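Start counting the sequence shown at 8; every next residue gets the next number (my numbering).
Cβ atoms here follow ideal geometry from the backbone N, Cα and C, with glycine treated the same way.
As the structure is a prediction and not an experimental result, all values here were calculated from the model.
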Amino acid sequence: MCDLKAKTILQARTEGRDPLTAVAIPVLGKGNKKRNVPVPVWLLNALKRYAKGVRQRLVDLRLGYHKLEDHGVLFVLDANNRKHAGNPITPQIFDRHFAQAKDRLLKRLSKERDLARYESTQRERITIHALRHTFALYTYMEKRANGDMDAIKYVQSVLGHSLRDTTESIYLRSANAFESETRESIRLHLEGQPFMRIGVEA
8 MCDLKAKTIL QARTEGRDPL TAVAIPVLGK GNKKRNVPVP VWLLNALKRY
58 AKGVRQRLVD LRLGYHKLED HGVLFVLDAN NRKHAGNPIT PQIFDRHFAQ
108 AKDRLLKRLS KERDLARYES TQRERITIHA LRHTFALYTY MEKRANGDMD
158 AIKYVQSVLG HSLRDTTESI YLRSANAFES ETRESIRLHL EGQPFMRIGV
208 EA
């Protein structure tokens, strides 16, 4: 994600498309392997606004301060520190910002009346990599629900797994556990009983 190029986003064609549909964006993964990743049109449009507005202003500051040309990376550091303004965001900085966002979420939830929601969220492993798992799981289940008999193949290609077994071992088991947990949650809700989350390791 930190290597995503502004040009890639700006060249994506979104005009006149349903905001809830997705456009395939080429990205480079491990070992410089190229794959296409579906990105919702509404998110692409937001990233385009960022690239043309906030990002361009920061890259221009970088050029003015240090006479450094545009590096092309989409996500850049803000102007809190003039020395680093417009430089590419590193994975370490991205992780730190994500952790801070998680802390803000937990702090907000802790002030709400629904303490069970706060406690449940606190137990979850909320990481950037967990977002990848969530995307893969929901994509697999959505494709299968719509009749794709080999949904795991699509998930494998999007995630960039070289071996199908890798994708199956992680997501088929997780999908089955999630479906079982969801059925139990619905059953207990219909019976008016509290639902205790079943702990499943991904």
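Check, Outcome
"Beta carbon of Lys14 nearer than 9 Å to that of Gly79", "yes"
"Own chain, CB closer than 6 Å to Ile193, minus 5 neighbours either side, in chain order", "none"
"Leu17 classed as buried or exposed, judged by whether at least 16 other C-beta atoms fall within 10 angstroms", "exposed"
"Alpha carbon of Ala19 to alpha carbon of Thr128, nearest angstrom", "35 Å"
"Other residues of its chain near Leu113: CB distance less than 8 Å, five sequence neighbours each side excluded", "Tyr125, Thr128 and Gln129"
"Outcome for Thr31 when other beta-carbon atoms lying within 10 angstroms are tallied against a minimum of 16", "Going by the sequence as given, residue 31 is Ala instead of Thr. That one is exposed."
"Nearest-angstrom Cβ-Cβ length linking Leu84 and Gly71, presumed shorter than 8 Å", "Contact flag wrong, Cβ pair sits at about 15 Å."
"Proximal residues to Phe82 (C-beta, below 6 Å), its chain only, five neighbours per side dropped", "Ile96"
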